[in-house]
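A.B. asks: This is the structure I have questions about; it appears just below.
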């Protein structure tokens with residue numbers, strides 16, 4: 001390990017927890033397209049959105065002009081439990097790679113939810129509580145978001161109803177039990193407790209569920225039970241807003257040592273982590289103050305950026321949610337069964353989609369055996385067992401560092417280590433046993449998914 | 001959450017990682033009794049111990065006079081990955097209990113091994129590497145020690161052979177996979193790969209193994225393979241020495257704010273965490289500089305302190321290890337099958353046993369449903385999902401805080417939160433489902449265990 005004056009971990013103090021979230025949209029010339037009412041194809045009004053989401057979150061969702069939004073004291077107090085999160089100089093990884101590159105990662109797995117999801121969960125639960133609601137509903141796939149929301153609701157004394165994709169409910173009983181330990185009500189989806197669940201089960205009796213289907217059930221329960229609203233862990237503008245604490249802290253820590261990253265890398269499923277990590281850096285880029293190379297990494301088996309279409313689409317399978325303009329594979333697209341971990345949502349944050357469309361960032365798709373090879377290499381030298389999702393970013397960070405080794409360039413790389421892989425050992429076992437496979441969807445697979453795109457006037 | 005000037009987390013900087021381990025034995029008037037050769041009943045010599053343990057660790061094991069021992073730079077560099085560990089003021093728990101007590105906990109679960117075990121694992125692996133060895137062998141029950149050692153060996157490029165108690169190997173496949181991900185060779189114990197394993201399997205064909213039996217196998221492999229030594233995660237003096245970083249950091253953090261704990265609480269299985277946490281405080285107590293109430297918490301189902309005998313006993317089932325003088329339930333004692341989690345070793349650190357015998361600390365035994373109730377209460381307000389072992393300390397910390405509520409005393413309580421419970425969700429599920437039971441061994445059970453005590457001259 002080098003004797004560099006930059007410490008292994010750059011810790012910030014409690015006083016360095018951001019006071020305000022940064023709203024990236026305020027600095028975008030081309031704003032993300034508004035959500036549309038699927039019936040009228042008109043922009044969703046605050047009133048319409050208020051039937052599903054908490055009032056203050058609706059304001060945040062629609063606000064694309066205010067650059068900084070105050071973080072309520074109660075949320076900052078909760079953040080103190082696990083924030084500021086560490087930013088680590090990956091000295092050991094650099095040495096193992098023999099690269100002149102300087103690698104940093106912002107580690108968001110240092111809390112029981114095991115990921116960055118808690119940053120938005122506590123915010124959304126707080127506003128629900130403030131509005132006097134009884135509880136919230138949501139869906140969870142890999143389980144990180146559901147765990148985070150359960151924790152936030154336990155802390156605030158809110159009821160929490162989680163629809164967990166049935167295949168995860170069965171294959172990840174431990175994730176389920178963590179949520180139950182925090183007092184959440186966890187239902188496998190599709191279930192017989194909702195109309196949409198009954199309909200889906202009648203049409204597909206043996207289905208093991210999907211994220212899009214669980215969203216539909218959670219929304220139905222929220223709108224049909226007084227005192228409940230629906231909350232979502234990614235994709236939405238409000239979620240990216242809350243997640244900006246990741247980037248703000250990362251930037252503050254690097255600024256302390258006058259470090260400016262050349263390349264910023266994050267995994268991308270719905271975009272919550274990536275949008276949060278890059279927020280202040282992208283803001284500088286949008287304002288022309290600084291330039292950064294920004295790379296979104298997605299699984300080759302669910303390649304919404306690299307092979308999807310930039311179009312209005314449903315966020316859910318039941319097609320009851322608003323339409324969002326995003327890079328999408330179609331709400332009917334489901335990644336191949338060999339795909340492990342999260343990052344399996346068919347669409348991508350409207351904000352990130354617009355930025356990608358406008359050329360402010362790149363995207364790369366990586367195959368999962370390569371991802372797990374990077375995960376294992378990272379774990380052995382850096383100690384932390386990374387989540388499969390985070391390992392997509394590790395893969396590309398290692399690849400970029402190895403390019404530096406060839407060229408001799410001393411580039412500074414920052415990547416987001418969004419979480420830990422303790423609940424993903426089934427996937428690690430497959431990798432350890434040499435049984436993990438890759439799958440790249442064929443053009444035919446993709447065409448089938450995109451055939452479900454809704455018809456929206458003015459869009460081809 | 002209170003506006004107290006003491007932050008939620010007291011972070012120390014990298015420069016505050018201890019430079020030296022504190023060797024509690026140097027300040028003890030009554031030294032812990034020496035290890036005995038089971039054949040001769042004479043104190044084990046350095047040469048005899050060197051056949052099993054690394055040379056420098058043998059010196060540490062035998063050294064009961066040097067108060068401070070330098071931590072090699074390479075180990076301190078590794079500590080930088082996850083140390084200093086946070087010390088947390090449990091504001092949320094205090095508020096939930098409505099107690100005037102001030103509760104602090106030292107959290108050692110912020111690393112992938114999920115516990116404090118890494119503190120000694122890296123030290124033991126380092127000395128093995130320094131001696132030019134090829135690898136180390138060990139046993140693991142709950143899996144925390146095996147994980148920690150696998151991580152340390154991966155970092156140093158040492159071979160690591162872990163004998164995992166068969167019932168854990170089968171019931172905790174994810175722990176096993178974490179170790180494999182770090183490159184360890186994991187064998188269910190008893191196995192057909194050792195003479196002692198074959199013997200045990202021949203005598204008890206259906207056995208699911210025990211910690212004492214896995215120790216015997218690991219020792220056999222170490223002594224019969226050139227270039228290998230055996231390492232152990234608890235009980236030994238060297239382990240308590242390495243774990244003193246816990247207490248040294250805790251004391252440094254509290255000293256920063258002039259906080260003096262009245263009560264210090266730790267869970268106790270073999271004593272590694274407790275011995276580390278209390279080290280500098282106990283040192284002050286032994287030297288007459290300060291007084292502290294120190295409480296060891298053990299499971300009612302494995303009550304070595306509260307119901308065991310202070311006597312020489314074997315550390316392993318195969319009876320091939322040296323004899324240690326300790327509070328013991330007999331090497332044949334196995335906790336009831338309903339017992340979840342670790343803290344299931346039949347004996348207790350010789351150092352802690354002597355201190356307990358001499359009246360420097362108290363011990364309490366708690367039942368596991370009470371422990372899990374405390375764990376759940378803690379998780380919901382403090383966020384962290386605690387390990388079942390750590391939750392023994394939480395139970396007593398809460399009980400002491402509730403006593404303060406009755407009396408109005410503003411006592412300061414410090415407890416050790418040794419790890420996280422991510423790999424213990426089977427036990428949590430039992431608790432969540434109301435299926436967890438308690439078992440207190442009968443006097444007959446205990447008499448049966450103690451009947452296996454060896455005959456040692458001069459001891460009744």
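Chains as they are written, first to last, in my numbering: chain S, 1 to 460; chain E, 1 to 460. Just so it is clear, CB atoms sit at the ideal spot from N, CA and C, and this is done for glycine as well. Quick caveat: nothing in here was measured; it's all calculated off a predicted structure.
(1) Could one say the Cβ of residue 1 (chain S) lies closer than 8 Å to chain E's Cβ atoms, at least one of them?
(2) Determine the contact status of residue 9 (chain E) and residue 80 (chain S), defining contact as a CB-CB distance below 8 Å.
(3) Taking the Cβ atom as the reference point for each residue, do residue 162 (chain E) and residue 184 (chain E) lie within a distance shorter than 8 Å?
(4) Please classify residue 440 (chain E) as buried or exposed, where buried requires at least 16 other C-beta atoms within 10 Å of its C-beta.
(5) List the residues of chain S whose Cβ lies closer than 8 Å to the Cβ of residue 432 (chain E), in chain order.
(6) What is the residue span of the beta strand (DSSP E) that residue 254 (chain E) lies within?
(7) In its own chain, which residues sit with a C-beta less than 6 Å from the C-beta of residue 201 (chain S), not counting the 5 before and 5 after it?
(8) Return no unless some Cβ of chain E is closer than 8 Å to the Cβ of residue 416 (chain S).
(9) Which bits of chain S does residue 422 (chain E) rub up against, with CB to CB less than 9 Å?
(10) Which one of S:378, S:12, S:425 has the shortest CA to CA distance from residue 83 (chain S)?
(11) Between residue 52 (chain S) and residue 398 (chain S), what straight-line distance do the alpha-carbon atoms span, to the nearest angstrom?
(12) Quick check on the burial criterion: 16 or more other C-beta atoms within 10 angstroms. Buried or exposed for residue 224 (chain S)?
(13) In chain order, what are the residue ranges of uninterrupted beta strand (DSSP E) at least 3 long that sit wholly in the stretch 38-85 of chain S?
(14) Count the other C-beta atoms from every protein chain shown that fall within 10 angstroms of the C-beta of residue 46 (chain E), then say buried if there are 16 or more, exposed otherwise.
(15) According to DSSP, is residue 266 (chain S) part of a helix, a strand, or is it coil?
(16) Can you list, in chain order, the residues of its chain whose CB lies under 8 Å from that of residue 133 (chain S), leaving out five sequence neighbours each side?
(17) How would you label residue 3 (chain E), buried or exposed, when you count the other beta carbons within 10 angstroms and need 16 or more for buried?
(18) Within the 8 Å Cβ cut-off, does residue 62 (chain E) reach chain S?
(19) Return the first residue and the last residue of the alpha helix (DSSP H) that residue 445 (chain E) is part of.
(20) Could you please give the first and the last residue of the uninterrupted alpha helix (DSSP H) stretch that includes residue 388 (chain E)?
(21) Once DSSP output is grouped into helix, strand and coil, what is the label at residue 278 (chain E)?
(22) Here's the rule I'm using: 16 or more other beta-carbon atoms within 10 Å means buried, otherwise exposed. How should residue 255 (chain E) be labelled?
(23) Could you give the uninterrupted runs of the beta strand (DSSP E) lying entirely in the stretch 318-400 of chain E, keeping only those of 3 residues or more?
(24) Mapping the DSSP letters down to three states, classify residue 315 (chain E) as helix, strand or coil.
(25) Should the stretch 147-156 of chain S be called in touch with the stretch 325-334 of chain S, which here means at least 3 C-beta pairs below 8 Å?
(26) Which residues in chain E sit within 9 Å of residue 18 (chain S), going by Cβ to Cβ distance?
(27) Please state the DSSP three-state secondary structure of residue 435 (chain E).
(28) For residue 467 (chain E), does the count of other Cβ atoms within 10 angstroms reach 16, so buried, or fall short, so exposed?
(29) Closer than 9 Å, Cβ to any Cβ of chain S: which residues of the stretch 319-330 of chain E, in chain order?
(30) Excluding sequence positions up to five away, which residues of its chain have a Cβ less than 7 Å from the Cβ of residue 66 (chain S)?
(31) Residue 330 (chain E): which of E:310, E:219, E:320, E:390 sits nearest, CA to CA?
(32) Can you check DSSP and say which residues form a bridge with residue 159 (chain S)?
(33) Going along the stretch 376-395 of chain E in order, which residues come within less than 8 Å of chain S, judged by CB to CB distance?
(34) DSSP on residue 482 (chain E), reduced to helix/strand/coil?
(35) What is the C-beta distance between residue 247 (chain E) and residue 278 (chain E), in whole angstroms, given that I count them as a contact (C-beta under 8 Å)?
C.D. replies: From the atom records:
(1) Here residue 1 (chain S) is taken as the residue at index 1 of the first chain, counted from 1. For residue 1 (chain S), the predicted model reports a pLDDT of 40, less than 50, meaning its position is unreliable and no value from the coordinates is stated.
(2) Start at 1 with the first residue of the second chain, and residue 9 (chain E) comes out as number 9. Start at 1 with the first residue of the first chain, and residue 80 (chain S) comes out as number 80. Yes. Within cutoff.
(3) Locating residue 162 (chain E) in the second chain gives position 162, counting from the first residue. Locating residue 184 (chain E) in the second chain gives position 184, counting from the first residue. Residue 184 (chain E) sits close to residue 162 (chain E), with the two beta carbons spaced by under 8 Å.
(4) As a working note, residue 440 (chain E) is residue 440 in the second chain. So residue 440 (chain E) counts as exposed.
(5) Walking along the second chain from the start, residue 432 (chain E) turns up at place 432. Residue 432 (chain E) reaches chain S at 177, 180, 181, counting residues in chain order whose Cβ is nearer than 8 Å.
(6) Your numbering for residue 254 (chain E) matches position 254 in the second chain. Counting along the chain, residue 254 (chain E) falls outside any beta strand (DSSP E), though it belongs to the alpha helix (DSSP H) covering 237-256.
(7) For the purposes of this step, residue 201 (chain S) is taken as the residue at position 201 of the first chain. 190.
(8) Position 416 of the first chain, counting from 1, holds the residue named residue 416 (chain S). No - not a single Cβ of chain E is within 8 Å of the one on residue 416 (chain S).
(9) The residue given as residue 422 (chain E) occupies position 422 in the second chain. Ordered by position in chain S, the residues that pass the 9 Å Cβ test against residue 422 (chain E) are 112, 114, 174, 178, 420, 422, 423.
(10) As a working mapping, residue 83 (chain S) is identified with position 83 in the first chain. With distances taken between Cα atoms, residue 83 (chain S) lies closest to S:12.
(11) Against the first chain, residue 52 (chain S) aligns to sequence position 52. Against the first chain, residue 398 (chain S) aligns to sequence position 398. So the alpha carbons of these two residues sit roughly 42 Å apart.
(12) One-based indexing of the first chain puts residue 224 (chain S) at position 224. Using a 10 angstroms sphere on the CB of residue 224 (chain S), the tally of other CB atoms stays under 16, which defines it as exposed.
(13) Counting only unbroken stretches of 3 or more residues, the beta strand (DSSP E) elements lying wholly within the stretch 38-85 of chain S are 68-70, in sequence order.
(14) Walking along the second chain from the start, residue 46 (chain E) turns up at place 46. Exposed.
(15) Within the first chain, residue 266 (chain S) is the residue found at index 266, counting from 1. Here residue 266 (chain S) sits in strand by DSSP.
(16) Locating residue 133 (chain S) in the first chain gives position 133, counting from the first residue. Counting only residues of its own chain and dropping the five nearest sequence neighbours on each side, residue 133 (chain S) has a CB closer than 8 Å to the CB of 54, 158, 227, 228, 229.
(17) As a first step, residue 3 (chain E) must be located in the second chain, where it is residue number 3. Note on residue 3 (chain E): pLDDT 42, under 50, position unreliable in the model; the coordinate value appears next. By the 16-neighbour rule on beta-carbons within 10 angstroms, residue 3 (chain E) is exposed.
(18) As a position in the second chain, residue 62 (chain E) is number 62, starting the count at 1. So, not an interface residue.
(19) Translated into positions along the second chain, residue 445 (chain E) becomes position 445. Element bounds for residue 445 (chain E): 443-450.
(20) What you label residue 388 (chain E) is simply residue 388 of the second chain in a count that begins at 1. Residues 388-407.
(21) Reading the second chain from its first residue, position 278 is the one you call residue 278 (chain E). Of the three classes helix, strand and coil, the one that applies to residue 278 (chain E) here is helix, per DSSP.
(22) Along the second chain, one-based indexing puts residue 255 (chain E) at 255. By the neighbour-count rule (16 or more Cβ atoms within 10 Å), residue 255 (chain E) is not buried but exposed.
(23) Whole beta strand (DSSP E) segments, 3+ residues: 323-328, 362-366.
(24) Stepping through the second chain from its first residue, residue 315 (chain E) is reached at position 315. Three-state result, residue 315 (chain E): coil.
(25) Taking 8 Å as the limit for Cβ pairs, the verdict is that the stretch 325-334 of chain S does not touch the stretch 147-156 of chain S.
(26) Taking the first residue of the first chain as position 1, residue 18 (chain S) is located at position 18. What residue 18 (chain S) touches in chain E: nothing, since even the nearest Cβ is about 16 Å away.
(27) Numbered from 1 along the second chain, position 435 holds the residue referred to as residue 435 (chain E). Reduced to three states, the DSSP call for residue 435 (chain E) is coil.
(28) Only positions 1 to 460 of chain E appear in the structure, and residue 467 (chain E) is not among them; the question remains open.
(29) Answer set for the stretch 319-330 of chain E: empty.
(30) Numbered from its first residue, the first chain carries residue 66 (chain S) at position 66. Within the same chain, residue 66 (chain S) has close Cβ partners 23, 26.
(31) Here residue 330 (chain E) corresponds to residue number 330 of the second chain, with the count starting at 1. Residue E:310 is the option with its Cα nearest to residue 330 (chain E).
(32) As a working mapping, residue 159 (chain S) is identified with position 159 in the first chain. DSSP lists S:135 as the beta-bridge partner residues of residue 159 (chain S).
(33) Listed in sequence order: 376, 379, 380, 381, 382, 383, 384, 385.
(34) Residue 482 (chain E) falls outside the range modelled here, since chain E spans only 1 to 460, and no answer is possible.
(35) Position 247 of the second chain holds residue 247 (chain E). Position 278 of the second chain holds residue 278 (chain E). Confirmed, about 6 Å.
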